[in-house]
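With the first letter of the sequence shown counted as 1, position 223 gets the number 350 in this note's numbering; the numbers rise by one all the way through.
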Amino acid sequence: MGLESLREELAELDRRLLELVARRQELVAAVGRAKLDAGRPIRDYSQEKEVVERARATARRLGLPEAAAEGLVGRLIELALSAQERQRVAASGGGDGRRALVIGGAGRMGRWLAGFLASQGYGVEIADPAGEVAGYAWRPDWRDAPLDHDLVVLATELRVTRDILRQLEPSPPAGVVFDVGSLKRPIATELTALAAAGGRVTSIHPMFGPDTELLSGRHVILVDVGCAAATAEVRRLFGSTMADIVEMSVDDHDRAIAWVLGLSHALNIAFFTALAASGQPAARLARLSSTTFDRQLAVAADVARENPHLYFEIQRLNEFGDGALERLAAAVERLRAAVASGDEPGFVGLMAAGRRYLAELGR
């Protein structure tokens, strides 16, 4: 067979593979309905293990790499769980006949929230001067019409969120109000003031990005600011998903975020800043890269594409953030000093301390 004939046969196989995937998703939907009717959870780890082991055995029989088979089946499992999670959210959602306004809904996270609420049956409206979002009613300014919605979501930058909360305080809307800010102390005064004025208000932090499809293994942090009923209602929004719900105080949240987001963001910004100053073209380094570099480069590239103003807010406005940055600077200096002075025991000690700290993760 000639090259073109071989390529045509491969293309036909690719089409058939995708048709099989589509058929698999149809069966997945049927399984999801059966689980829902039987009151069974979406995720069944024993069944997943069986699917993976079956795939590895089949790979061995066919002379294929077992790891490749496991990776492929793992992605199919993710697709299945994501479809069943959306199915469960749609079936369990309490939004039928209710309305939600997403202020800042033209942003990436705002769009995710709009889609999430729409999947639960809410009639979703977007308020954002950035422009319309296909599929949703839109107004450029949230003040252009009465706030008579059942949910009012603030998917805005912290300074904008703070201003909106202040404007809502004199006459709180009847619906539940919640923000999705990455920090809570910068808006804590306004949140608690709105609650004290009778507002049904709470605060959440989805610990995932707007490209997330499957919430299994993801976390949603709830921060009660004085209205337990509002917190409980927002908790129910995520109750049909596989997200882990974590309740924290304002201070505990921001202390943890200094390390979970602040430190990780700073590390990656420093990484690509150093690379940019290296004089080495990124493409050349990528061609010569190692496994570790590939992983770090992928994460850094994701960080570089994010909203720089939001990331500056996370660094600048967190009252607990200085400690993380100082520890990062001190750690880099200890590493530099050990290398510069030829202190191999000190270098080994740094790595040994890291292994001890991370041992509880089993990694």
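Note that beta-carbon positions come from the ideal geometry of N, C-alpha and C, so glycine has one too.
Q | Three-state class that DSSP yields for Leu199 in the structure shown | A | helix
Q) Hey, Phe365 and Val387 are a contact pair by Cβ (cut 8 Å); roughly how many whole angstroms apart? A) Contact doesn't hold; Cβ gap of about 19 Å is too wide.
Q | Chain-order list of residues whose beta-carbon lies under 7 Å from that of Lys311 (same chain, five-residue window excluded) | A | Ser330, Val350, Val377, His380, Asp381
Q) In this structure, does DSSP put Glu471 in helix, strand or coil? A) helix
Q) For Leu444, which residues of its own chain have a beta-carbon under 7 Å away from its beta-carbon, when the five flanking residues on both sides are left out? A) Leu285, Leu310, Pro313
Q | Buried or exposed by the 16-neighbour rule on C-beta atoms within 10 Å, applied to Glu205 | A | exposed
Q.
My output table needs one value for Ser376: the three-state DSSP class, helix, strand or coil.
A. coil
Q. Taking C-beta to C-beta, are Trp269 and Leu240 nearer than 8 Å?
A. no
Q. Should the stretch 285-305 be regarded as contacting the stretch 318-332, the criterion being three or more beta carbon pairs within less than 8 Å?
A. yes
Q. Rounded to a whole number of angstroms, what is the C-alpha to C-alpha distance between Glu340 and Phe243?
A. 10 Å
**Q.** Test item: CB-CB of Ala370 and Phe399 under 8 Å
**A.** no
Q: Find out if the Cβ-Cβ distance for the pair Leu274, Leu321 is shorter than 8 Å.
A: no
**Q.** CB of Ala282 within 8 Å of CB of Met236, strictly
**A.** yes
Q) Under a Cβ-count criterion, where at least 16 other Cβ atoms within 10 Å of its own Cβ denotes burial, should Asp338 be classed as buried or exposed? A) exposed
Q) Is it true that the stretch 402-411 meets the stretch 257-264, where meeting means three or more beta-carbon pairs spaced less than 8 Å apart? A) no
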